[in-house]
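In my numbering, the protein residues as written are 30 to 350.
Glycine included, C-beta positions come from ideal geometry on N, C-alpha and C.
Bear in mind that the values here come from a model prediction, so they are computed numbers and not experimental data.
Each remark here refers to the structure printed beneath this line.
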């Protein structure tokens, strides 16, 4: 069980899977629908009425495609392409329009040439302005988020108003961590849906879009491997978070200890090499002291000779007088 503690409460939770009831909950722990939109989305979810790959217009690579929302209805395809091309080479662009009137619906899908360019636009284009309107950018949840239900069927994420039909779990409105631990065992006994899968992050971090299999970065790959080694198996969204966090902390501690040991061995090797080159440390310091000792008497003798020469010359001068 998890969900309590200041280290969790101060963070937010980004879901990697979608469930209509929990998407309508501020912390993802609700178990019953609370408005007609959620009931409609739950019906489509349970009956499998929505097919995320059934849209024939949704062509292209979903891992290279961005969703762009809150676009001005006056913005054209050319203007949007020019604005999004600042972040990478745009391969294709589809502005969603009304099937009867042809008017813009205020959102579009932009496909880039590479996944790297898509991720750059995902970070940089979010909350930028096009035609005086602030846009939002997200990954293609329609095809990459399991269980996704669009807004027209009661699902979706986001929303501008603080009252009415809000949806949580996305980039704009992540789940807030629950104040009390979630009793997963009790939920299982009652047959209640467990909280969604995902991960905790700080409020300043940017959630990363899903990666194609086999393209996980080295840092994330090490984190996932450490989670797999953990004896506690993650169930649901919040279960096992503390265990994985402890394992991650142990991993960082081991890395610091290894680097500390390596630095000590490097210093020992350097000291050995210096001894082999110059001999014993005491001999080196002693030789330096002896050299300085020889130089100083030499200088004093030189000054004495100069003074003796001056005195003898002055005597000769007085005797001549």
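Inset, instruction - Please check the pair residue 135 and residue 100, which I expect to be a contact at CB under 8 Å, by giving their CB distance rounded to whole angstroms. - result: Going by Cβ atoms, the distance from residue 135 to residue 100 rounds to 5 Å, so yes, they are a contact pair.
Inset, instruction - Take residue 231 and list the residues in its own chain whose beta-carbon comes closer than 8 Å to its own, dropping the five residues that flank it on each side. - result: When the five nearest sequence neighbours on each side are left out, the beta carbons in the same chain lying within less than 8 Å of the beta carbon of residue 231 are those of 39, 40 and 41, in order along the chain.
Legend entry - DSSP beta-bridge partners of residue 98: In the DSSP assignment, residue 98 forms a beta bridge with 136 and 165.
Inset, instruction - Examine the Cβ distances between the region 60-71 and the region 145-154 and report whether three or more of them are shorter than 8 Å. - result: They do not touch, by the three-pair rule.
Legend entry - Beta carbon of residue 133 nearer than 9 Å to that of residue 104: Contact: yes.
Legend entry - Beta-bridge partners of residue 230, as assigned by DSSP: Bridge partners of residue 230: 41.
Inset, instruction - Using only alpha-carbon positions, find the residue among 57, 217, 167 and 155 that is nearest to residue 208. - result: Minimum Cα distance to residue 208 is reached at 57.
Legend entry - alpha helix (DSSP H) runs wholly inside the region 48-105, at least 4 long, in chain order: DSSP runs (the alpha helix (DSSP H)) wholly in the region 48-105: 49-52 and 65-76.
Inset, instruction - Give the straight-line distance between the Cα atoms of residue 46 and residue 227, rounded to the nearest whole angstrom. - result: Cα-Cα distance, rounded: 7 Å.
Legend entry - Where the beta strand (DSSP E) containing residue 120 begins and where it ends: 119-126 is the span of the beta strand (DSSP E), which, as asked, contains residue 120.
Inset, instruction - Can you give me the Cβ contacts of residue 165 inside the same chain, cut-off strictly under 8 Å, excluding the 5 residues immediately before and after it? - result: If we look at residue 165 and ignore the five residues flanking it on each side, its Cβ neighbours are 97, 98, 99, 155, 156, 187, 200 and 201.
Inset, instruction - In the DSSP assignment, find the unbroken alpha helix (DSSP H) run with residue 146 in it and report its ends. - result: Counted as a single uninterrupted DSSP element, the alpha helix (DSSP H) harbouring residue 146 occupies residues 144-153.
Legend entry - Where residue 181 sits in the DSSP three-state scheme: Note: residue 181 maps to helix in three-state DSSP.
Inset, instruction - Tell me whether the beta-carbon of residue 48 lies closer than 9 Å to the beta-carbon of residue 79. - result: Not a contact, by the Cβ cut-off of 9 Å.
Legend entry - Close-in-space but distant-in-sequence residues of the same chain around residue 64 (CB under 8 Å, 5 per side omitted): Same-chain partners within the cutoff: 53 and 194.
Legend entry - Neighbourhood of residue 241 by C-beta distance below 6 Å, restricted to the same chain and skipping five residues each side: Taking C-beta separations shorter than 6 Å and ignoring five residues to either side along the sequence, the partners of residue 241 in its chain run 92, following chain order.
Legend entry - Beta-carbon contacts of residue 140 that lie in its chain and below 6 Å, excluding the five residues immediately before and after: The answer, listed in chain order, is 89, 93, 94, 120 and 121.
Inset, instruction - Quick one: residues in its chain with C-beta nearer than 8 Å to the C-beta of residue 59, no 5 flanking neighbours on either side, listed in chain order? - result: So the list reads 50, 51 and 53, once near-sequence residues are dropped.
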